[in-house]
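Student:
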Amino acid sequence: MAESSLRSGLTIRVIAAALALLLLDGIACYRIAAHFANLVYDRWLIDSTRSLAQALRVSDNEVRIDLPQVALQIFQFDAVDKTDFRVDTARRGMIAGDAALPLMRGEPDGSVQLQTATVSGHSMRLVATTLAEPDARDIATVEVGETLIKRSTLATEILLAMAAPQLALLLTALVFAWLAVSHGLKPLTALASAIEARGHDNMTPVPELNLPKEARVLVSKINDLLARLERAMLAQQRFVADAAHQLRTPLAAVLLYAERAERAADPDSEHQALRGLHAAVARAARLSQQLLSLARAEPDAAAERSLTTLDLVSLARGVGEEWIPRALERNIDFGFLAPREPVTVAGNAGLLGELMSNLIDNALRYCGPRSRVTLSVEAHPAPTLSVEDDGPGIPAAERERIFERFYRLAESGTEGCGLGLAIVKEIATLHRAAARVSPGSDGRGSRFTVEFPAAVHRTERATAA
Ligand SMILES: Nc1ncnc2c1ncn2[C@@H]1O[C@H](COP(=O)(O)OP(=O)(O)OP(=O)(O)O)[C@@H](O)[C@H]1O
Ligand SMILES: [Mg+2]
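Heads up: take any position in the sequence shown, counting from 1, add 16, and you land on our numbering.
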């Protein structure tokens, strides 16, 4: 479910961020704790070094350490860490302590040197002070070393003491975050159930009431989509009903003529019935052909089809040539006008051929014999294809409507099925071209034009396609 994955997605992100924070916090806490543990134990070591230096004496011109063995043992006793010392003089070398400690001889001014070093495999903190002994004409260095166990134990204890409440705080924050996410997603869960409970044909808008602003944006987009779907569904239903109605007429005629042919008493009436049958079948075939063309030209069906760069002039010439026999048959003067150079558009050759055929078919069909029909291609101002005739023309009031599906002019006879110009419009739209009709150039007849977008757009679309 989308809602639960949104919740777990959010929770996982919050937990990951919290863990990262906890880790950084832990590192920072440990560093602070280690710093203070070092500070405390360094001070203690410095004090020890200074106390030991107090025990230096000069007798017989020699520096000695005046400390009873018991005192030294007390000094060295430590239940946790190993503590060592070393006393050296410049003249006599080491005079007491452990030779394993590395000697750190500084300036003989009583200052303190600090260092961490590895001694016999253990990390040790070393503190040394060097003193001038003028009576013995010598310099003495007192050094004390201690392993680091107490320090790291203290640092860990401080860290735990600091981290425990922070961890509790973080866990509480996570619980609140989880509750907040669940609460925030409640309207979406309710919305999902409301949409799920709908029937597939319920196109009424989803109620936007009580929804947060972000979800309302989503619902308003869903409602837009539902409205578009409803319009498309109604149009589709209307079209199917119209198509069924239109098919019924030629099919009824087919039945009628077939029965007449069967019952014909003489060859003459049989021949007449067969001619009627032929015409009715031709109309049914034309209608199914036009329906198929329309379905192919629908934007959804053709969306996958790629538009390629093609030359409108050669395409128009090829299609025009196919119509010459029909023009001759009807005694119509059929001409072709086009520039010498190619006029390129981004298009689908099959669909554009169909578009031209419908326009030429109309011109040849609705203009009487001895009319003039001209197919032409122009490059400027935009690539344009046109079919002009000097036939009866289209009344101004009908110029929009003739592009509607199944719309025909009353006086145009029974031959067509009223889909040709709807197909033209659909194919033009697919090519982002505008299909229009206007009176012919000298005010007679009609001029159907299909104007393609200017070159810049074409190139873009050709690339996009
Ligand atoms: N060149 C034209 N001159 C006069 N009228 C025309 C012309 N072109 C179309 N018409 C009118 O517009 C109507 C619609 O044309 P359309 O091509 O859409 O359908 P149709 O020709 O009747 O059927 P079909 O789907 O078989 O082409 C036609 O019935 C006709 O009345
Ligand atoms: Mg037609």
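A virtual CB, placed ideally from N, CA and C, is assigned to each residue, including glycine.
A quick note: this is a predicted structure, and the numbers were derived from the prediction, not measured.
1) Please return the same chain residues whose Cβ sits closer than 6 Å to the Cβ of Phe-350, not counting the five positions on each side in sequence.
2) Below 8 Å on the Cβ atoms is my contact criterion, and I expect Leu-391 with Ile-443 to pass it. Report the Cβ-Cβ distance as a whole number of Å.
3) Hey, which unbroken runs of the alpha helix (DSSP H) at 4 residues or more fall wholly within the segment 70-99?
4) Do Phe-101 and Leu-117 come within 9 Å of each other at the CB atom, strictly closer than that value?
5) Measure the alpha-carbon distance for Ser-285 versus Leu-272 and round it to whole angstroms.
6) Give, in chain order, every unbroken run of the alpha helix (DSSP H) that is at least 4 residues long and sits entirely within the segment 315-350.
7) Specify the secondary structure class of Glu-420 as computed by DSSP and reduced to three states.
8) Can you determine whether any heavy atom of ligand 2 sits closer than 8 Å to the C-beta of Leu-437, and answer yes or no?
9) For the structure I just gave you, are there three or more beta carbon pairs, one from the segment 51-60 and one from the segment 160-168, closer than 8 Å?
10) Below 8 Å, can you find three or more Cβ-Cβ pairs linking the segment 104-112 to the segment 171-179?
11) Report the three-state DSSP secondary structure of Asp-284 (helix, strand or coil).
12) Which of helix, strand or coil does DSSP assign to Thr-445?
13) Decide if Pro-266 is buried, meaning its Cβ has at least 16 other Cβ atoms within 10 Å, or exposed.
14) For Asp-377, is the beta carbon positioned less than 8 Å from some heavy atom of ligand 2?
15) Alpha carbons only, please: which of Ala-449, Thr-445, Pro-408 is nearest the one belonging to Asp-458?
16) Verify the contact flag: Arg-463, CB atom, against every heavy atom of ligand 2, threshold strictly below 8 Å.
17) Who are the near neighbours of Ser-428 in its chain, counting only those whose CB is closer than 7 Å to its CB and skipping five residues on each side?
18) Can you give me the Cβ contacts of Arg-29 inside the same chain, cut-off strictly under 6 Å, excluding the 5 residues immediately before and after it?
Tutor: On the basis of the data shown:
1) Ala-343, Val-389
2) That belief does not hold up - the Cβ atoms of Leu-391 and Ile-443 are roughly 16 Å apart, past 8 Å.
3) 85-92
4) yes
5) 13 Å
6) 315-318, 328-338, 340-345
7) coil
8) yes
9) yes
10) no
11) helix
12) helix
13) buried
14) yes
15) Pro-408
16) no
17) Tyr-382
18) none
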